[in-house]
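Residue numbers (our numbering), protein chains in the order written: chain A, 1 to 342; chain B, 1001 to 1142.
Just so you know, even glycine gets a beta-carbon here, dropped at the ideal spot from N, CA and C.
Source: prediction; values computed, not measured.
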Amino acid sequence: MLTSLMTVINSPRLSWVGDPSPLQAREKEWYHFCVVSPELELIVNFNLGRSLPSAKQSAPVARLIVLARSDRWEGAVETVPYEQCTISPGCIHLIFGESSLRFEAGVFHLSVRLKERAIAVELRLEPLAVPLSSPGAQLGDGVLSWVVVPALRAKGAVRLGGRVHRLDSAPAYHDHNWGAWQWGSDFAWQWGFGLPSRENIWSLVYSRMTDRARSQDFDRKLCLWREGRLTRLFSERDVEIRPEGLLRLPSVPKFPSVMTLATPGGATDVPRILHVTARSSGDHLRIRFHARDVAQLVIPHETNLGVTLISEVCGWLELEGRVQGEPISSEGAGVFEHVHPG
Amino acid sequence: MNMSTPGEFMVLVRHSLERLEQECPPAHAALRHRLRDHCLWITIDGEQFSLAPVGRSLRLSPALPQATVELQTSRRTLLEVLEGSLPLLDAVLQGRLFLRGTAQALIEFHEALVIYMRGAVRCPSLPELLPILRQQATLLLG
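Shown next, in the form of structure tokens:
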């Protein structure tokens, strides 16, 4: 049941063949995975887009993004020649050079080999929750749609340089995003998930789409799953957000590393604690996300010479409240993403 | 080094600026604008040349100018800075990259560097020059 549902709603949505229309030239799509084990936090992203407007022709561009944090951040953004890529329609099977992602017999199989860094990932990720799909949310003058699987169980190995991290039943998260927009347009977003560890019952996803100044919200959601089933979805005015302080670190690693010189400085606008409170129809939920460490992905704008910074923030999440009469009190690891033009 | 003929590194910089102009004209224009009051005197592994905006171009010359900013470093250090493994500030503090100019001139040079990098990452053909720089650095280490 879950296998067929996943295939139907989570297969690639966009076509990357043929000459794109002006709207298609803005299209983007990616499959994103996070693993949050005590010894390793890992982000893997199979990413599809188009060449920047400065290129002579709008050609598909495939990138593999890997960020890993053990005692320090490591990672890379590697472009894979598109002729070495296969995106199979109607199923989840992507081949990016020597790396691949496929969904088979109810399990995601992730195999990543980077060329320029000694990083390799071999993981089986078993979904533990029913996916949630959202139609397009406004993103500046564009639209972003998504499917999210808030809880998975990861098993396998991750090689970072000379070290091999073996994972068994590590908590994990997955989303699939697609849409048409331009980096540099008038938008920002916050996105996060929490996998409270106590008794492994609850998982949650938070999203907030805003304009660049974060003065106008396009979309707010706080979604809660209980034992893999969506239990409660708070949205829009039911969700209040309050940042507290700013995360300050001696330095912030940037990826791809060549963008370090293009985005000097280590200051971020990542809140030290993000408070999210949701209340509706007698239910209430309160989360506190304590940011611990951050790495930034740097994306050149399509609209000007600026860049957008995607801050991937590792941290700890506290969750409490009462939903459908059941008291909730839990805590666990999470990753929050803050996207903002730099 | 014969100072009247362009050295290997100056040729590489010339190629990169030509590609920047062709493939990302807004970055080339912004770079010219940022450097409008400046002339850079660059020394890389002993090779010396100047860089200054002249009209709608950025002119490279082995002639010694009235420089507002002097930069002295090696290809090896430059590669580490470009690839992000060595922060620019660390390169300066470790004595691997020498900069001289007024505070304002150095700030504007840094801004020019950021503009150059933001343009460079938008140029499809510019990454082709990086292996040449690596090869030159390796040959020098010999």
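- Segment contact, 8 Å Cβ cut-off, at least three pairs: the region 59 to 75 of chain A with the region 131 to 149 of chain A: These segments do not touch.
- Task: With DSSP collapsed to three states, give me the class of phenylalanine 1109 of chain B.
- Result: Counting from one through the second sequence, the residue named residue 1109 of chain B turns up at place 109. The DSSP-derived three-state label of phenylalanine 1109 of chain B is helix.
- Going by other Cβ atoms of all chains shown within 10 Å of its Cβ, with 16 needed for buried, is tyrosine 150 of chain A buried or exposed? Here residue 150 of chain A refers to the residue found at position 150 of the first sequence. Correcting the residue type first, residue 150 of chain A is proline in the shown sequence and not tyrosine. With 16 or more other Cβ atoms within 10 Å, it is buried.
- Task: Could you tell me if valine 1013 of chain B is buried or exposed, where buried requires 16 or more neighbouring beta carbons within 10 angstroms of its beta carbon?
- Result: On the second sequence, residue 1013 of chain B is found 13 positions in, with the first residue counted as 1. With 16 or more other Cβ atoms within 10 Å, it is buried.
- Is valine 1081 of chain B close to chain A, meaning its C-beta is less than 9 Å from at least one C-beta of that chain? On the second sequence, position 81 is the one that residue 1081 of chain B refers to. True, the Cβ-Cβ gap to chain A drops below 9 Å.
- Task: Using alpha carbons as the reference points, say which of A/Leu114, A/Glu104 and A/Thr308 lies closest to glutamate 126 of chain A.
- Result: Position 126 of the first sequence, counted from the start, is the residue given in the question as residue 126 of chain A. Looking at the Cα atoms, A/Glu104 is the closest of the given residues.
- Rounded to whole angstroms, what's the CA-CA distance from arginine 50 of chain A to arginine 272 of chain A? Just pull it up for me. Residue 50 of chain A sits at position 50 when you count from the first residue of the first sequence. Residue 272 of chain A sits at position 272 when you count from the first residue of the first sequence. In this model, arginine 50 of chain A and arginine 272 of chain A are separated by some 35 Å (Cα to Cα).
- In or out: valine 17 of chain A buried (at least 16 other Cβ within 10 Å) or exposed? Position 17 of the first sequence, counted from the first residue, corresponds to residue 17 of chain A. By the neighbour-count criterion, in which a residue is buried when 16 or more other Cβ atoms sit within 10 angstroms of its Cβ, valine 17 of chain A is exposed.
- Item | Proximal residues of chain A, C-beta to C-beta of valine 1121 of chain B below 8 Å | The residue labelled residue 1121 of chain B in the question sits at position 121 within the second sequence. Val258, Met259, Ala262 and Pro300, listed in chain order.
- Any alpha helix (DSSP H) of 4 or more consecutive residues that is wholly inside the region 1037 to 1103 of chain B: Those alpha helix (DSSP H) runs which fall completely within the region 1037 to 1103 of chain B and span 4+ residues are 1075 to 1082 and 1088 to 1093.
- So with Cβ pairs under 9 Å, would you call proline 1065 of chain B a contact of chain A? As a position in the second sequence, residue 1065 of chain B is number 65, starting the count at 1. It does not; no Cβ of chain A falls within 9 Å.
- Do the region 1013 to 1025 of chain B and the region 1126 to 1134 of chain B meet, that is, are 3 or more Cβ pairs less than 8 Å apart? Taking one beta carbon from each stretch, the region 1013 to 1025 of chain B and the region 1126 to 1134 of chain B have 3 or more pairs nearer than 8 Å; the two touch.
- Task: Pull out every residue of the region 1043 to 1056 of chain B whose Cβ sits closer than 8 Å to any Cβ of chain A, in chain order.
- Result: Sequence-ordered contacts of the region 1043 to 1056 of chain B with chain A are nonexistent [C-beta pairs closer than 8 Å].
- Tell me the DSSP bridge mates of asparagine 45 of chain A? In the first sequence, residue 45 of chain A corresponds to position 45, counting from 1. A/His32 and A/Ile65.
- What in chain A is Cβ-close to isoleucine 1107 of chain B, meaning under 8 Å? The residue given as residue 1107 of chain B occupies position 107 in the second sequence. Chain A residues near isoleucine 1107 of chain B: none, gap ~12 Å exceeds 8 Å.
- Query: In its own chain, which residues sit with a C-beta less than 7 Å from the C-beta of cysteine 1039 of chain B, not counting the 5 before and 5 after it?
  - Reply: Locating residue 1039 of chain B in the second sequence gives position 39, counting from the first residue. Counting only Cβ-Cβ distances below 7 Å, and skipping sequence neighbours, we find Ser1050, Ala1052, Pro1065, Gln1066, Ala1067 and Thr1068.
- Query: What are the residues that DSSP puts in a beta bridge with arginine 153 of chain A?
  - Reply: Locating residue 153 of chain A in the first sequence gives position 153, where the first residue counts as 1. Note: arginine 153 of chain A sits in a beta bridge opposite A/Glu126 and A/Pro171.
- Message: Comparing C-alpha positions only, which one of B/Leu1071, B/His1028 and B/Arg1134 sits nearest to arginine 1059 of chain B?
- Response: Start at 1 with the first residue of the second sequence, and residue 1059 of chain B comes out as number 59. The shortest C-alpha separation from arginine 1059 of chain B is found at B/His1028.
- Are there three or more Cβ pairs, one per stretch, closer than 8 Å when the region 168 to 184 of chain A is compared with the region 93 to 107 of chain A? By the Cβ rule, the region 168 to 184 of chain A does not count as touching the region 93 to 107 of chain A, because fewer than three pairs are nearer than 8 Å.
- Whole angstroms is fine: what's the gap from methionine 1001 of chain B's alpha carbon to phenylalanine 289 of chain A's? What you label residue 1001 of chain B is simply residue 1 of the second sequence in a count that begins at 1. What you label residue 289 of chain A is simply residue 289 of the first sequence in a count that begins at 1. Residue placement at methionine 1001 of chain B is poorly supported in this model, since its pLDDT is 40, which falls under 50; the coordinates still yield a value, given next. Those two C-alpha atoms are separated by around 60 Å.
- Compare the C-beta of glycine 1084 of chain B against all C-beta atoms of chain A and say whether one is closer than 9 Å. Residue mapping note: residue 1084 of chain B aligns to position 84 of the second sequence, counting from 1. The C-beta of glycine 1084 of chain B comes closer than 9 Å to at least one C-beta of chain A.
- Query: By a C-beta neighbour count over all protein chains shown, 10 Å radius and 16 as the cutoff for buried, is alanine 1063 of chain B buried or exposed?
  - Reply: Residue mapping note: residue 1063 of chain B aligns to position 63 of the second sequence, counting from 1. Exposed, because fewer than 16 other Cβ atoms sit within 10 Å of the Cβ of alanine 1063 of chain B.
- Query: Tell me, which residues are paired with glutamine 324 of chain A by DSSP?
  - Reply: Start at 1 with the first residue of the first sequence, and residue 324 of chain A comes out as number 324. Per DSSP, glutamine 324 of chain A has no beta bridge partner at all.
- Query: Taking three-plus beta-carbon pairs below 8 Å as touching, is the region 260 to 278 of chain A in contact with the region 239 to 251 of chain A?
  - Reply: The answer is yes - the region 239 to 251 of chain A touches the region 260 to 278 of chain A, with three or more Cβ pairs under 8 Å.
- Task: Determine the contact status of leucine 40 of chain A and arginine 13 of chain A, defining contact as a CB-CB distance below 9 Å.
- Result: By one-based count along the first sequence, residue 40 of chain A stands at place 40. By one-based count along the first sequence, residue 13 of chain A stands at place 13. Contact flag unset, no.
- Using the C-alpha atoms, what's the distance from proline 1087 of chain B back to arginine 374 of chain A? A question about residue 374 of chain A goes unanswered here, because the residues of chain A that appear run from 1 up to 342.
- Message: Suppose you measure from the CA of histidine 301 of chain A to the CA of alanine 120 of chain A; what does that come to, to the nearest Å?
- Response: Taking the first sequence and counting its residues from 1, the one referred to as residue 301 of chain A is at position 301. Taking the first sequence and counting its residues from 1, the one referred to as residue 120 of chain A is at position 120. Going by the C-alpha atoms only, they are around 29 Å apart.
- Could you give the DSSP three-state label for aspartate 238 of chain A: helix, strand or coil? Translated into the one-based positions of the first sequence, residue 238 of chain A becomes position 238. Helix.
- Message: At the 9 Å Cβ level, is leucine 1099 of chain B part of the contact set with chain A, yes or no?
- Response: Here the question's residue 1099 of chain B lines up with position 99 in the second sequence. Cβ-Cβ to chain A under 9 Å: no for leucine 1099 of chain B.
- With a CB to CB cut of under 6 Å and the five nearest residues on each side skipped, what residues in its chain are close to tryptophan 1041 of chain B? What you label residue 1041 of chain B is simply residue 41 of the second sequence in a count that begins at 1. Same-chain partners within the cutoff: Ser1050, Ala1067 and Glu1070.
- Message: By the three-class DSSP mapping on this structure, what secondary structure does glycine 245 of chain A have?
- Response: Reading the first sequence from its first residue, position 245 is the one you call residue 245 of chain A. Assigned with DSSP and collapsed to three states, glycine 245 of chain A falls in coil, not helix or strand.
- Apart from the five residues on each side of it in sequence, which residues of its chain come closer than 6 Å, Cβ to Cβ, to lysine 28 of chain A? As a position in the first sequence, residue 28 of chain A is number 28, starting the count at 1. So the list reads Gly49, once near-sequence residues are dropped.
- Can you find a CB in chain A that lies within less than 9 Å of the CB of alanine 1163 of chain B? Only positions 1001 to 1142 of chain B appear in this structure, which leaves residue 1163 of chain B out of reach.
- For phenylalanine 1098 of chain B, is the classification buried or exposed, using 16 other Cβ atoms within 10 angstroms of its Cβ as the cut-off for buried? Translated into the one-based positions of the second sequence, residue 1098 of chain B becomes position 98. Exposed, since its Cβ has fewer than 16 Cβ neighbours within 10 Å.
- Message: Between which residues of its own chain and leucine 160 of chain A is the CB-CB distance below 7 Å, once the five residues before and five after are set aside?
- Response: The residue you call residue 160 of chain A lines up with position 160 of the first sequence. Excluding sequence neighbours, leucine 160 of chain A sits near Ala68, Ser70, Glu74 and Ile119.
- Query: Relative to chain B, which residues along the region 303 to 323 of chain A have a C-beta separation below 9 Å, given in chain order?
  - Reply: Per Cβ criterion, the list reads Asn304, Leu305, Gly306 and Val307.
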